[in-house]
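J.:
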Amino acid sequence: MLAALVALLPLALALPGPSGLSISQLKSTGCSASQIAAPLPSNQSTLSVPAGQKTIYATVGRGVQNYTCTSGTWTNVGALANLYDASYLYDLFDSQGLADELPTLAFKYLDYPDTSGLPVKLHHFFVNTPNATSGISAEFASASNHALFSKTGSLNAPTNATINVPWLELTAIAGQGTLAKTAFRLQTVGGQPPASVSSQVGAQADSSARPKALN
Numbered sequence: 001m002l003a004a005l006v007a008l009l010p011l012a013l014a015l016p017g018p019s020g021l022s023i024s025q026l027k028s029t030g031c032s033a034s035q036i037a038a039p040l041p042s043n044q045s046t047l048s049v050p051a052g053q054k055t056i057y058a059t060v061g062r063g064v065q066n067y068t069c070t071s072g073t074w075t076n077v078g079a080l081a082n083l084y085d086a087s088y089l090y091d092l093f094d095s096q097g098l099a100d101e102l103p104t105l106a107f108k109y110l111d112y113p114d115t116s117g118l119p120v121k122l123h124h125f126f127v128n129t130p131n132a133t134s135g136i137s138a139e140f141a142s143a144s145n146h147a148l149f150s151k152t153g154s155l156n157a158p159t160n161a162t163i164n165v166p167w168l169e170l171t172a173i174a175g176q177g178t179l180a181k182t183a184f185r186l187q188t189v190g191g192q193p194p195a196s197v198s199s200q201v202g203a204q205a206d207s208s209a210r211p212k213a214l215n
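Quick note on this note's numbering: the sequence shown kicks off at 1 and runs consecutively.
#1: State the Cα-Cα distance for the pair Gln204 and Asn76, rounded to the nearest angstrom.
#2: Does the Cβ-Cβ distance between Leu80 and His124 come in under 8 Å?
#3: Checking 8 Å against the spacing of the C-beta atoms, do Val165 and Gly191 come in under that value?
#4: Ordered along the chain, which non-local residues of its own chain (more than five positions away) have a Cβ less than 7 Å from that of Leu5?
#5: Which residue comes first and which comes last in the beta strand (DSSP E) that contains Tyr84?
#6: By Cβ distance, which residues of its chain are closer than 8 Å to Tyr67, with the 5 residues on each side in sequence left out?
#7: On the three-pair Cβ rule with 8 Å, is the segment 144-159 touching the segment 103-121?
#8: Please work out which residues of its chain come closer than 6 Å, Cβ to Cβ, to Ala213, disregarding the five sequence neighbours upstream and downstream, and give them in chain order.
#9: By Cβ distance below 6 Å, which residues in the same chain neighbour Thr29 in space, the five residues on each side in sequence not counted?
#10: Is Trp167 closer than 8 Å to Leu83 when the C-beta atoms are compared?
#11: Following the continuous beta strand (DSSP E) through Tyr112, name the residue where it begins and the one where it ends.
#12: Roughly how many angstroms lie between the CA atoms of Ser207 and Pro113, to the nearest whole one?
#13: Relative to the C-alpha of Ala195, which candidate in Gln176, Gly63, Thr162, Pro158 has its C-alpha closest?
#14: May I ask you to list the residues that DSSP assigns as paired with Leu47?
#15: When the distance is taken between beta carbons, is Gln44 closer than 8 Å to Leu186?
#16: Spell out the partners DSSP gives Ile136 in its beta bridges.
#17: Mind checking Pro18: buried by the 16 CB within 10 Å criterion, or exposed?
#18: To the nearest angstrom, how far is it from the Cα of Ser87 to the Cα of Lys108?
#19: Helix, strand or coil: which one does DSSP assign to Ala209?
#20: Where do the ends of the beta strand (DSSP E) carrying Thr182 lie?
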């Protein structure tokens, strides 16, 4: 999935997963992401999993945050990212206490838009908000489905908030796809704009995160 993880996959295929199955057996039996919990900080109430919803996608994303300069201040104007399926790796890495490192590995070893030949589970981008005169909305799209989302919660990154973009909770916009009801952007790495605007009119900032989609 990640360049650093590619080397780990042969080992992962041999290691036992939950219920004693190997990762390759889990794939063949249809491993579900529903048991993977969103790693939300315990000392906050801004982000929360809606009652009755379970994880349907557990991914690691690699992309860029886009900014424009307005009156000497950076304004975020969307993002672009490739999201890679990590559901089979979370159990393995969680058992070793390493799951939190997945976004850091993605940031370090994977570029955007280059995928290094790895299959992309979801594409993330922004589009004009439907039925509105202004504004943009986040969209996540698979090969067969999509959904548009509005931001309903924002929490400063618990560590290095001047470097790492906020953690987000997104809620699906009614009538704009059925991919998921809720999406989270968590455990972000990078993505904040340059400290100084100077004479620049726009900027891109590399970022990585651990997105999750719930239904």
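Where is the CB? At the ideal position from N, CA and C, for every residue including glycine.
As the structure is a prediction and not an experimental result, all values here were calculated from the model.
T.: In this structure, then:
#1: Here residue 204 corresponds to residue number 204 of the sequence shown, with the count starting at 1. Here residue 76 corresponds to residue number 76 of the sequence shown, with the count starting at 1. Whole-angstrom Cα-Cα distance: 10 Å.
#2: Residue numbering aside, residue 80 sits at position 80 when the sequence shown is read from its first letter. Residue numbering aside, residue 124 sits at position 124 when the sequence shown is read from its first letter. Contact: yes.
#3: To locate residue 165, count along the sequence shown from 1; it is residue 165. To locate residue 191, count along the sequence shown from 1; it is residue 191. In this structure, Gly191 lies closer than 8 Å to Val165 by Cβ.
#4: Position 5 of the sequence shown, counted from the start, is the residue given in the question as residue 5. At Leu5, the pLDDT of 38 sits below 50, so the modelled position is not reliable; the number obtained from the coordinates is stated separately. Result list for Leu5: Leu89, Leu105, in chain order.
#5: Numbered from 1 along the sequence shown, position 84 holds the residue referred to as residue 84. Its beta strand (DSSP E) spans residues 73-85.
#6: In the sequence shown, the residue the question calls residue 67 occupies position 67. Excluding residues within five positions, the ones whose Cβ falls inside 8 Å are Trp74, Thr75, Asn76, Val77, Pro193, Gly202, Ala203, Gln204, Ala205.
#7: no
#8: By one-based count along the sequence shown, residue 213 stands at place 213. Once the five neighbours on either side are set aside, the close Cβ partners of Ala213 are Ile56, Tyr57, Ala180, Ala183.
#9: The count along the sequence shown starts at 1 and reaches residue 29 at position 29. Here Thr29 scores only 39 on pLDDT, less than 50, and its place in the model should not be relied on; the value that follows carries that caveat. Cβ within range, chain order: n/a, list empty.
#10: As a working note, residue 83 is residue 83 in the sequence shown. As a working note, residue 167 is residue 167 in the sequence shown. The answer is no: Cβ separation not under 8 Å.
#11: Along the sequence shown, one-based indexing puts residue 112 at 112. Run containing Tyr112: none; DSSP gives neither H nor E here.
#12: Locating residue 207 in the sequence shown gives position 207, counting from the first residue. Locating residue 113 in the sequence shown gives position 113, counting from the first residue. About 12 Å.
#13: Within the sequence shown, numbered from 1, the residue matching residue 195 stands at position 195. It is Thr162.
#14: Position 47 of the sequence shown, counted from the start, is the residue given in the question as residue 47. Its beta-bridge partners do not exist; DSSP assigns none.
#15: In the sequence shown, counting from the first residue as 1, residue 186 sits at position 186. In the sequence shown, counting from the first residue as 1, residue 44 sits at position 44. No, the Cβ-Cβ distance between Leu186 and Gln44 is not below 8 Å.
#16: Residue mapping note: residue 136 aligns to position 136 of the sequence shown, counting from 1. The partner list for Ile136 (beta bridge, DSSP) reads Asn128.
#17: Position 18 of the sequence shown holds residue 18. Low confidence applies here, because Pro18 scores a pLDDT of 46, under 50, leaving its location unreliable and the question unanswered by this model.
#18: Looking up residue 87 in the sequence shown gives position 87. Looking up residue 108 in the sequence shown gives position 108. Ser87 and Lys108: Cα-Cα distance of roughly 20 Å.
#19: Here the question's residue 209 lines up with position 209 in the sequence shown. Three-state DSSP puts Ala209 in a strand.
#20: Taking the first residue of the sequence shown as 1, we reach residue 182 at position 182. Here the beta strand (DSSP E) through Thr182 covers 182-185.
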